[in-house]
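A short write-up of the structure that comes next.
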Amino acid sequence: MGESHVFVTKGSLTNFACDAWLLPTDRSYSIRKHWRDAVRGLESAVNDSRDAPFGSKSKLTQPLDSWPVGEPLPVLTAVPYEGISSVDDLIAPLREFVQVAAESSRERSAKGRRDTARPVPLLGIPLFGTGGGGAGFVRGDVIKRLLEEARRAAAEAQVDIALVLRDEKDFAFAQELRKRNGTDWWPSLDPEVRGQAQRLADYALEGKLVPFMGAGVSMSAGAPSWGQLLDGLASEARLSEPDKTSLRKRSNLDQAGILRSIFSERAERGGTSFNQAIASRVDLKRYGLAPTLLATLGSREAITLNYDTLFEMASADAGIPRTVIPDGAQEKNAWLLKLHGSVTNPESIVLTRDDYLGFNVSRNALSALVKATLMTQHLLFVGFGLEDDHFHEILHDVRRALPRTVHEKDGIATALMLSKDPLGERMWSNQLSLVSMGPDASGSTARTLEIFLDYLVAQAADSHSYLLAEGYEHALSNAEQSLRKKLQDLDLQLTSDEKASSGGRRLEAMLAELGASSRIA
1 MGESHVFVTK GSLTNFACDA WLLPTDRSYS IRKHWRDAVR GLESAVNDSR DAPFGSKSKL
61 TQPLDSWPVG EPLPVLTAVP YEGISSVDDL IAPLREFVQV AAESSRERSA KGRRDTARPV
121 PLLGIPLFGT GGGGAGFVRG DVIKRLLEEA RRAAAEAQVD IALVLRDEKD FAFAQELRKR
181 NGTDWWPSLD PEVRGQAQRL ADYALEGKLV PFMGAGVSMS AGAPSWGQLL DGLASEARLS
241 EPDKTSLRKR SNLDQAGILR SIFSERAERG GTSFNQAIAS RVDLKRYGLA PTLLATLGSR
301 EAITLNYDTL FEMASADAGI PRTVIPDGAQ EKNAWLLKLH GSVTNPESIV LTRDDYLGFN
361 VSRNALSALV KATLMTQHLL FVGFGLEDDH FHEILHDVRR ALPRTVHEKD GIATALMLSK
421 DPLGERMWSN QLSLVSMGPD ASGSTARTLE IFLDYLVAQA ADSHSYLLAE GYEHALSNAE
481 QSLRKKLQDL DLQLTSDEKA SSGGRRLEAM LAELGASSRI A
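Using the UniProt record's numbering, the first residue of the sequence shown is number 1, and each one after it goes up by one.
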């Protein structure tokens, strides 16, 4: 048994950045329209990968070997051609997928994998077998077995697996299953770190946790760090190696200012503008674990310094579309404040010293939002370093806007850090709770942060929309089955007049939240 973890999130597997993912099919290569429409080039790649033994009992998986190296690898995985007669029918395809996908991911990593910093491959799986496979009537049992078998297979192959779910009921039930076993699903987190996650989950359950995201959040999807972004721009500007070395000796803001002047000269001759060059390097099309887990957390407010649209995409896939401030119209209940601009409007991007000196408009927007909506909230900083000047500026603005009494106890915010920093803890005492993932920053501690977020999301999940829904009954605990039966009986006993009363309407709404249809059968 090796290092492994099974994540659960709500989103779209076709928008998820991973090393390889399970593409459900059968031995006739039948692929549902959803997958064909969502993944460009899929149909032709499947035709190019046809293999006679595929779909027989001796071969249940087929990687699409012609797939671009930098893209998540689809692995065709066959469910029984005649349909599923038992949940056990899904075990063999899943286990073979994990083994083959792990091998393929490691082979492809030598050729330039998307994320070489990650210590183990990340595989994505959907809830398969419940659609065309015919096991939708026992989807609760399917979720339970998939989680159990994914954990075993992941440990044997030394990989991480993300179960990416689209349906709220499936997500709620998967989280409930994991929480039944206490902390068994998160053995790599020590008790102190789990306690910090539970503290944050309590804020989330009260609707008081607000994610504040820095560059580290987007790096889980392959986005560049500040240094990598500037190095890439320097190469695009065709600086000589001596000039690149000289450039790196300057601050990030001054590096950006020099590069902007070079790009401006090129733009006058018809070249790409500085801001457009930035946008092209950070405009990623798939989100990683950090954005999707933070989106799944369900906070109605969020703030970011990132230019990309990964969190917006992840939020939409999680069923929480967001209005983007300052550019978006206030159309949705949830919002995202983008302080440093967006790839959707390259000219809004803030990177140079001159840009930051003109940052007052955004800082005023932050202060206004803090005063209006964050007075009783708790900020969760993710993806920042304590040396980030703008982290200091933002925290100063927040601290100044809030009354002194809010600073007591847990401070005004929590920052998730990759490495332990005793001096930083001393500097930020009574203002900011620092939660470190390990002694030193590395790919392993970045992965620990993802596991921390997975635990936080699970503890903050409070929906029981599966309880009265069809397809989950046999996988419920004894107590849940008893409660389900009593609620069903209560619903059946209500007369039409009772249901039409104000109390009856309230009861019907509650039953609907628990997954009931208009009349439970």
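Don't be surprised by glycine CBs; every beta carbon is placed ideally from N, CA and C.
Between the CA atoms of P242 and R322 - distance to the nearest angstrom: 45 angstroms
Which whole runs of the alpha helix (DSSP H) in the stretch 405 to 474 are 4 residues long or more, in chain order? 422 to 427, 443 to 460
Top-ranked residue by Cα proximity to A153, from S4, N181, A223, L127: S4
Please say whether V210 and S12 have beta carbons closer to each other than 9 angstroms? no
Buried or exposed (CB count within 10 angstroms, at least 16 for buried), S465: buried
With C-beta atoms as the reference, is G232 less than 9 angstroms away from T352? no
Could you tell me if P63 is buried or exposed, where buried requires 16 or more neighbouring beta carbons within 10 angstroms of its beta carbon? buried
Only counting runs of 3 or more residues, tell me where the beta strand (DSSP E) segments fall wholly within the stretch 267 to 316, in order along the chain. 301 to 304
Could you pull out every residue in the same chain whose Cβ sits closer than 7 angstroms to the Cβ of A295, ignoring the five residues on either side in sequence? F311, A314, S315, A318, I320
CA-CA distance, R484 and L468? 6 angstroms
Coil, strand or helix - G503 by DSSP: helix
Whether S235 touches K249 by CB criterion (9 angstroms): no
If you draw a straight line from the alpha carbon of P121 to that of G515, how long is it in whole angstroms? 36 angstroms
Express the C-alpha separation of M427 and D167 in angstroms, rounding to a whole number. 44 angstroms
Starting from H34, trace the alpha helix (DSSP H) in both directions and tell me its first and last residue. 33 to 38
At least three beta-carbon pairs within less than 8 angstroms, the stretch 380 to 400 to the stretch 209 to 223: yes
Go ahead and label M437 buried or exposed: buried means 16 or more other beta carbons lie within 10 angstroms of its beta carbon, across all protein chains shown. buried
Of the choices L305, L230, L73, L434, whose alpha-carbon is the least far from that of E393? L305
Once you ignore the five residues that flank G424 on each side, which residues in its own chain have a CB closer than 7 angstroms to its CB? L386, L434
Close beta carbons around W185, own chain, < 6 angstroms, minus the five adjacent residues each side: R178
Residues near residue 523 in its chain [Cβ-Cβ closer than 6 angstroms; skip 5 each side]: Residue 523 lies beyond the residue range present for the chain, which begins at 1 and ends at 521; the question has no answer from this structure.
Look at the alpha carbon of M1 and the alpha carbon of I278, and state the distance between them as a whole number of angstroms. Low confidence applies here, because M1 scores a pLDDT of 40, under 50, leaving its location unreliable and the question unanswered by this model.
Assuming contact is defined by CB atoms lying nearer than 9 angstroms, are F490 and A446 in contact in what I supplied? Checking the sequence shown, residue 490 turns out to be Leu, not Phe. Result no, Cβ atoms of L490 and A446 do not sit closer than 9 angstroms.
Return helix, strand or coil for F384, following the three-state DSSP convention. coil
Leaving out five residues before and five after residue 522 in sequence, what residues of the same chain have Cβ atoms less than 6 angstroms from its Cβ? This structure leaves residue 522 out entirely; the chain is present only between 1 and 521.
In chain order, what residues of the same chain lie with their CB nearer than 6 angstroms to the CB of V457, ignoring the 5 residues before and after it? L293, T296, L297
Less than 8 angstroms between the CB atoms is what I'm expecting for G341 and I349, so what's the real figure, rounded? 4 angstroms
Once you ignore the five residues that flank G124 on each side, which residues in its own chain have a CB closer than 6 angstroms to its CB? L13, F16, C18, W21, A162, V164
Within 10 angstroms of the Cβ of P24, are there 16 or more other Cβ atoms? Answer buried if so, exposed if not. buried
Can you tell me which residues form a DSSP beta bridge with M213? T304, V382
Along the chain, where does the beta strand (DSSP E) containing G124 start, and where does it finish? 122 to 125
Nearest residue (CA-CA) to A460, options P326, P119, Q196, R36: Q196
May I ask you to report which of helix, strand or coil DSSP gives K144? helix
Residue range of the alpha helix (DSSP H) that P24 falls in? Premise fails: P24 lies in the beta strand (DSSP E), 20 to 25, not in any alpha helix (DSSP H).
Output needed for I451: all residues of its chain with C-beta closer than 7 angstroms, excluding positions within five of it in sequence on either side, in chain order. H5, W186, S188, L189
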